[in-house]
Every structure is written in C-alpha cells, then in structure tokens.
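A quick write-up on the structure given underneath.
There are 2 protein chains.
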Amino acid sequence: MPEVPPPAPTGDALLKVLSALGNPHRMRIIAALTENRNYVSALAREIGMGRPLLHMHLQRLEAAGLVVGTLELAEDGKAMKYFEVTPFFYELTPHTITRAAATITEKADPAERADRTAKEEAK
Amino acid sequence: MPEVPPPAPTGDALLKVLSALGNPHRMRIIAALTENRNYVSALAREIGMGRPLLHMHLQRLEAAGLVVGTLELAEDGKAMKYFEVTPFFYELTPHTITRAAATITEKADPAERADRTAKEEAK
DNA sequence: GAGATGTGTCAGAAATCTTTGACAGGTGCG
DNA sequence: CGCACCTGTCAAAGATTTCTGACACATCTC
Chain A
21 MPEVPPPAPT
31 GDALLKVLSA
41 LGNPHRMRII
51 AALTENRNYV
61 SALAREIGMG
71 RPLLHMHLQR
81 LEAAGLVVGT
91 LELAEDGKAM
101 KYFEVTPFFY
111 ELTPHTITRA
121 AATITEKADP
131 AERADRTAKE
141 EAK
Chain B
21 MPEVPPPAPT
31 GDALLKVLSA
41 LGNPHRMRII
51 AALTENRNYV
61 SALAREIGMG
71 RPLLHMHLQR
81 LEAAGLVVGT
91 LELAEDGKAM
101 KYFEVTPFFY
111 ELTPHTITRA
121 AATITEKADP
131 AERADRTAKE
141 EAK
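Line by line, the protein sequences give chains A and B. Those letters in the first sequence? Residues 21 to 143, by this note's numbering. Those letters in the second sequence? Residues 21 to 143, by this note's numbering.
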C-alpha cells in the first residue's frame, strides 16, 4: 500500500491549525495529551491551569481538529470528558503556504481590487 | 548526497513561526513573496495594505526567520528594501509539537506552580 | 521649490485573545 | 444533608495584536 500524500488543507483550516498551535499553553496541552489521554480536571491539575481556561484552550484545539473529546461515563456514574490528540500531519513550506493562501475566506474581498492604489498620498 | 533530516526546532522558535503564519495577511504576504521578491511599497499596493501595517507584518515574519529583507540602492539612487521568503520547512505532528513543547522559555517556568498536587491523588 | 518616489517610526484607537472568579448543574459516599 | 468529585457557562478584567493617521528623512525629476 503506497503512502498517500497528505491532502492540501484549505487556507481557513490551516489558519485555524496554525493559530491554535501558536500558543505555549496549547502546545503544552498537545504534548501532555500525546503522552496519554486525559480528562479535563486531571489535565488542569497536571499542567497547573484553571479549568475554565483549559476548557477554552481545548475548545480552540478541537475546533482546529487537533484533538477530540468524548464524554464518557465512569463506572461510578460520573461523567468525564476525555481528550486525545488526533494524528495530524502538516507540512509547512513556502509552497504549501502559498497554496493555502489562495483559499482564504476571511474578511474583505468583494469590494476591493485595483482601486486603492494611490490613495494614501492623496490628501 | 543524502537528504539531511530537518533539525528539530526549539519550542520558542516554532512558536514564533506558528504565530507568524497563523494570520491571513501574513499568509498572503508569504504567498506574494514566494512568486517573486518585492520591495515594501510595491508589495503594499499589490496586496492593498497600508505601509506601516505591512511593515509590522514583515517584521514579524522576519523575526520568525520566514523572510529576509535587504536594503538595496536602485540605479536612480533610491533605497528600496527587497523582501524574499527563505526556503523554510516545518513538519507539524503530535510528535514534533511534543518535542518542541519541552523547550519553551515563555513566561512561567522558573518556579513550577506545584502546590495543589496533594489533592489530586485522592481519586 | 514642489511633487512623486522610496525608507522608517510613533501614539493612540480598535479589535482580539487570554485569564479569572463565580455560578449552575450532575453523581456517589459517609 | 454536606462533601468531594465531575461537567459546563458567563461576565468582566487584563494583556496583546492589529490597524490607522501622522510625522520625519532621503533622492530624483520638473
């Protein structure tokens, strides 16, 4: 079975991944969860961070598709949300960035082209 | 000549790269400069963005080591700063992130906040 | 000199992201 | 019931990032 090359991610998706990973706390969260999956409260204690804050970071990572959380019921009936990292893979080169940049649906686009060229000096 | 495997970047370096790339404008700047090098003012017109703003973005990209700028004197004597992308290559996987996370010198580190650790064992 | 080009920087507004503390559930146990 | 866990959300404060409009300086051309 030949290794299939990773599909090119859309600009917005890659943007989410990069901004999600570009944060020391979230990087550490990925590191902690890579070693072994864990539930929110325990993870919060492990890396010394408040639950609400960790919750938000996990949400950001999950939105980027880097981790997944599943709500499981323990034997004693308590509900705990376990998080684990997804086996992601991204290659960052000028080429991949260029390719991704072409498909960005951020703000501003419909009304803009070659009209605001010599506008700043015109005062 | 065998291809040398890319060296593992330090946590702080990777952090800079990721947060630099995790921005739509900077991604487009990389895309534009990948096609051909350019000087600040022309690039600003090309992607429709104010010079001061572009200047700041280029600074961020250069600090991350993704682009380099060289001040050159044109034939007519005008000084123009040409920017071009560096052939960077980063592999993003749970493993590389974990490895990088171990070497982060961001805020909080000198004194590990391990004070409420006695309670978590009470499971 | 005026005008067009290039460079750079600065201060403050605007928009975002990060962080904290309080609250509102739920379960099982002594 | 009260305590010890778990889950989640919210509002407001705090810290950063992003963006804009001046400003200053240089060169070449008219």
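Ideal placement from N, C-alpha and C gives every residue a C-beta, glycine not left out. Nothing here was measured: the structure is a model prediction, and the numbers come from that model.
At the 8 angstroms Cβ level, is T90 of chain B part of the contact set with chain A, yes or no? No, no contact with chain A.
Taking beta-carbon pairs under 9 angstroms, can you tell me which members of the segment 96-119 of chain A lie near chain B? For the segment 96-119 of chain A, which is checked against every Cβ of chain B, the residues closer than 9 angstroms are V105, T106, P107, F108, F109, Y110, E111, L112, T113, P114, H115, I117, T118, R119.
What's the gap between the Cα of R46 of chain B and the Cα of N56 of chain A? If I take the Cα positions, the gap works out to 34 angstroms.
Starting from G31 of chain B and walking both ways along the alpha helix (DSSP H), at which residues does that stretch end? Counted as a single uninterrupted DSSP element, the alpha helix (DSSP H) harbouring G31 of chain B occupies residues 31-41.
Quick one: grab the DSSP three-state call for V60 of chain B. Three-state DSSP puts V60 of chain B in a helix.
Rounded to whole angstroms, what is the Cα-Cα separation between T30 of chain A and L78 of chain A? Counting only the Cα atoms, L78 of chain A lies some 22 angstroms from T30 of chain A.
I'd like to check one pair, P114 of chain A with T54 of chain B: are the Cβ atoms closer than 8 angstroms? Taking the C-beta atoms as reference points, P114 of chain A is found nearer than 8 angstroms to T54 of chain B.
Under 8 angstroms, Cβ to Cβ, is there at least one residue of chain B near P44 of chain A? Residue-level contact check: P44 of chain A touches chain B, since one or more beta carbons of chain B fall below 8 angstroms from its beta carbon.
How about P26 of chain A: is its C-beta nearer than 8 angstroms to some C-beta of chain B? Not one chain B Cβ lies under 8 angstroms of P26 of chain A.
Separation of E92 of chain A from F108 of chain B, as counted between CA atoms: Linking F108 of chain B to E92 of chain A through their CA atoms gives a straight-line distance of about 42 angstroms.
Check this for me: beta carbons of H75 of chain A and V60 of chain A, under 8 angstroms apart or not? Yes, the Cβ-Cβ distance between H75 of chain A and V60 of chain A is below 8 angstroms.
L34 of chain A: buried (16+ other C-beta within 10 angstroms of its C-beta) or exposed? Note on L34 of chain A: 16 or more other CB atoms within 10 angstroms of its CB, so buried under the neighbour-count rule.
Distance cutoff 8 angstroms, beta carbons only. Does M21 of chain A sit that close to anything in chain B? Judged by the 8 angstroms Cβ criterion, M21 of chain A is not in contact with chain B.
Given R71 of chain B as reference, the closest of B:T106, B:T118, B:D32, B:K101 once Cα atoms are compared: Answer by Cα proximity: B:K101.
For D32 of chain B, which of A:G85, A:N43, A:I50 has the nearest alpha-carbon? Nearest neighbour of D32 of chain B by Cα position, chosen from A:G85, A:N43, A:I50, turns out to be A:N43.
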